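Protein chains in written order, with the numbering used here: chain A, 1 to 242; chain B, 1001 to 1242.
Here is the structure we will look at, set down as structure tokens.
There are 2 protein chains.
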Amino acid sequence: METLTRKQRELKQREADILALSRPMLIEGGYHGLNMDRIAAELEYSKGTIYKHFSCKEEIIIALAIETQEKRSEFFSRAAAFQGSSRERLTAIGVACELFVRLFPDHFAVEQIINSRSIWEKTSLDRRKLMQVAEGKCMHMVSGIVRDGIAHGDVALPDGTTPEELVFGLWSLTFGAYSILSTGESLANLGVKDPFASIRTNVHHMLNGIGWRPLSTEHDYNAVAQRISEEIFAAEFQLVFG
Amino acid sequence: METLTRKQRELKQREADILALSRPMLIEGGYHGLNMDRIAAELEYSKGTIYKHFSCKEEIIIALAIETQEKRSEFFSRAAAFQGSSRERLTAIGVACELFVRLFPDHFAVEQIINSRSIWEKTSLDRRKLMQVAEGKCMHMVSGIVRDGIAHGDVALPDGTTPEELVFGLWSLTFGAYSILSTGESLANLGVKDPFASIRTNVHHMLNGIGWRPLSTEHDYNAVAQRISEEIFAAEFQLVFG
DNA sequence: GCCATGTTTTGACAAGTCGTCATTTTTCGG
DNA sequence: CCGAAAAATGACGACTTGTCAAAACATGGC
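This is the structure we're talking about:
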């Protein structure tokens, strides 16, 4: 029993080592920066051993993406627990999102890489399932807040609109913005001096447009966001803005 | 003169041939599907000749992306010329966008591929400039409509907000949505049955939120979109929905 | 301590790709 | 038809990925 567990722990540890080494490699040089020979050399294992853990490069990448999604889940779950109105709790999710990309730009970069058909297609079904579960967890936390808001009478969706469709909009807006942001050096030249502020503003437009009370014109969500940062993400906030 | 022009035309033609062959290769197998040896073999030129035109794979990719952006520009410029209120003209841009991705999913796929740091970085400054110019052209057409709307009193931006920041929001929302859409098979399971309709709705929420008159609750923009499809994009509309 | 058996690790190898560049072929004015 | 300049060629070096037969190692019975 004890020996078996030890062996398994060793395997687990090695897997973690591989991933820990892989992440900076992948960030640094994209798909090509991730080099199986180099991983083997630097960890002083043979290539065959690395391939015992991950049957191809893509499997390492999706494993990294799953780690990322889990870390994000953790942020989201802390945010969703914020005590406040439904829209304040959604604001908390927004804070979590922004803090997450600012604190771990690497994690977001991995998400963009896995978001490519030709890479995604080479991953195993097992890990794809894991990934979808992790993604669903985030989505459900947010749509849960939307449902709470509806139940509480803070917001009413137009006929035939599901909470998920609204969440899809928020998700698209933030994901798209971060994507553009992470590659487009040209945004500043084009007249967007503070992209993160822009994103927040645009999210508020969207929520105001759907009539989620209290509107951002009736309530100071900036102050709320400040409080959320201090109360829930104190340490992380320090790291980014300290 | 005549001979020089003929030679140049031949070069131009060959370049076009390379790109035409490259596009499906790139779409089919992503970055790896694009194979310089195969391009040379299929066009019956030597590899060296291919490399005379494009100094590396990434240069082919960005050239394809520039073609894409120019095609989109063309769609946008037709849309922007629609006769109607400022928000109706913006609706026309939305129609152009949607039609564009539905008609040419390949083009959008190329945009996603070039939107990766490790590929972008290997491209030449010359082509990067071209790309940014083409991107700027689209952006300016849209921000022009926003300015028209402001001048006409249809919409007022909050203090300190530039038209570009609003356009950034619209761009993020649509780009993000199409990105998620193009890789996530899971959207349907998550409760978003008609993603394109969702995108349109979410855009309207955003514009309503900023108070762009007439609001989508006061005016039937679906009917307008229908008219735009028929008047401006008749042929394209036929192809997608016929 | 020692052998037999099953498991893990190893690294040489096959297959494939990119980008180069010395050599060959083509072009074209005189 | 010649000879110089321009263009095209493809063998080559350097590097990757993923495989697999062989070697090293662990384990348990005696």
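Backbone N, C-alpha and C define an ideal beta-carbon position, used for all residues, glycine too.
Since the structure is predicted, the reported quantities are computational estimates derived from the model, not experimental observations.
Simplified DSSP assignment, three categories, for residue i
i: B:D1037; result: helix
i: A:R213; result: coil
i: B:S1124; result: coil
i: A:E44; result: coil
i: A:S116; result: coil
i: A:M25; result: helix
i: B:E1218; result: coil
i: A:L207; result: helix
i: A:G84; result: coil
i: A:E245; result: The shown model of chain A, from 1 to 242, leaves out residue 245 of chain A, and the question about it has no answer.
i: A:K137; result: helix
i: B:T1161; result: coil
i: B:D1194; result: coil
i: B:A1156; result: coil
i: B:S1055; result: coil
i: A:G144; result: helix
i: A:I228; result: helix
i: B:F1104; result: coil
i: B:G1242; result: coil
i: A:F233; result: coil
Counted within 10 angstroms of its Cβ, other Cβ atoms place residue i as buried (16 or more) or exposed
i: A:T123; result: buried
i: A:M1; result: Residue confidence is low: A:M1 scores 39 on pLDDT, short of 50, so the model does not pin down where it sits. Its coordinate-derived value is still stated next. Per the 10 Å Cβ criterion, exposed.
i: B:E1042; result: exposed
i: B:S1046; result: exposed
i: A:L239; result: exposed
i: A:Y31; result: buried
i: B:C1056; result: exposed
i: A:Q112; result: buried
i: B:G1153; result: exposed
i: A:G242; result: exposed
i: A:E44; result: exposed
i: A:E10; result: exposed
i: A:G169; result: buried
i: B:F1084; result: The sequence shown places Gly at residue 1084 of chain B, rather than the Phe named in the question. With fewer than 16 Cβ atoms within 10 Å of its Cβ, B:G1084 is classed as exposed.
Residues near residue i by beta carbon distance below 7 Å, same chain, minus five either side
i: A:I27; result: D106 and A109
i: B:V1095; result: A1079, A1225, I1228, S1229 and F1233
i: B:E1058; result: I1119, K1122 and T1123
i: A:R147; result: P163
i: B:N1202; result: L1173
i: B:G1033; result: M1025 and L1026
C-alpha distance - residue i paired with residue j, whole-angstrom precision
i: A:A156; j: A:M139; result: 19 Å
i: B:T1003; j: B:D1017; result: Below a pLDDT of 50, predicted positions are generally treated as unreliable, and B:T1003, at 41, falls in that range; no measurement from the model is reported.
i: A:A81; j: A:R89; result: 8 Å
i: B:V1167; j: B:I1060; result: 29 Å
i: B:N1035; j: B:R1117; result: 20 Å
i: A:A134; j: A:Q69; result: 6 Å
i: A:L173; j: B:A1177; result: 7 Å
i: A:C171; j: B:G1048; result: The residue asked about is misnamed: residue 171 of chain A is Trp in this sequence, not Cys. Using only the alpha carbons, I get a separation of about 45 Å.
i: A:S22; j: B:E1218; result: 54 Å
i: B:E1231; j: B:A1223; result: 12 Å
i: A:I114; j: A:I39; result: 20 Å
i: B:A1065; j: B:L1125; result: 14 Å
i: B:M1141; j: A:R213; result: 34 Å
i: A:E98; j: A:F104; result: 10 Å
Cross-chain neighbours of residue i in chain A, by beta carbon under 7 Å
i: B:M1206; result: N202, H205, M206 and G209
i: B:T1123; result: Those within 7 Å of B:T1123 in chain A number zero; the least Cβ separation is about 12 Å.
i: B:T1091; result: Within 7 Å Cβ-Cβ: nothing; B:T1091 doesn't reach chain A, min ~15 Å.
i: B:I1066; result: Result: empty, since nearest Cβ-Cβ is about 14 Å, beyond 7 Å.
Proximal chain B residues relative to residue i, where beta-carbon distance stays under 7 Å
i: A:H32; result: S1118
Cβ-based neighbour list, residue i, same chain, cut-off 6 Å, excluding 5 preceding and 5 following
i: A:Y221; result: T91
i: B:K1137; result: S1073
i: A:L215; result: N208
i: B:I1199; result: A1177
i: B:F1237; result: S1229
i: B:E1015; result: H1053
i: A:F75; result: A96 and F100
i: B:L1130; result: I1066
Nonlocal neighbours in the same chain, by C-beta distance under 8 Å from residue i, ignoring five residues either side
i: B:Y1051; result: M1036
i: A:L187; result: I180, L181 and P195
i: B:G1144; result: A1080
Chain-ordered neighbours of residue i on chain B, where CB pairs are closer than 9 Å
i: A:G136; result: S1186, N1189 and L1190
i: A:A63; result: Result: empty, since nearest Cβ-Cβ is about 18 Å, beyond 9 Å.
i: A:L173; result: G1169, S1172, L1173, G1176, A1177, N1202 and M1206
Contacts that residue i makes with chain A (C-beta to C-beta distance below 9 Å)
i: B:G1029; result: S118
8 Å Cβ cut-off: residues of chain B touching residue i
i: A:Q132; result: S1186
i: A:I150; result: Going along chain B, no residue has its Cβ under 8 Å from A:I150, so there is no contact; the nearest lies around 14 Å.
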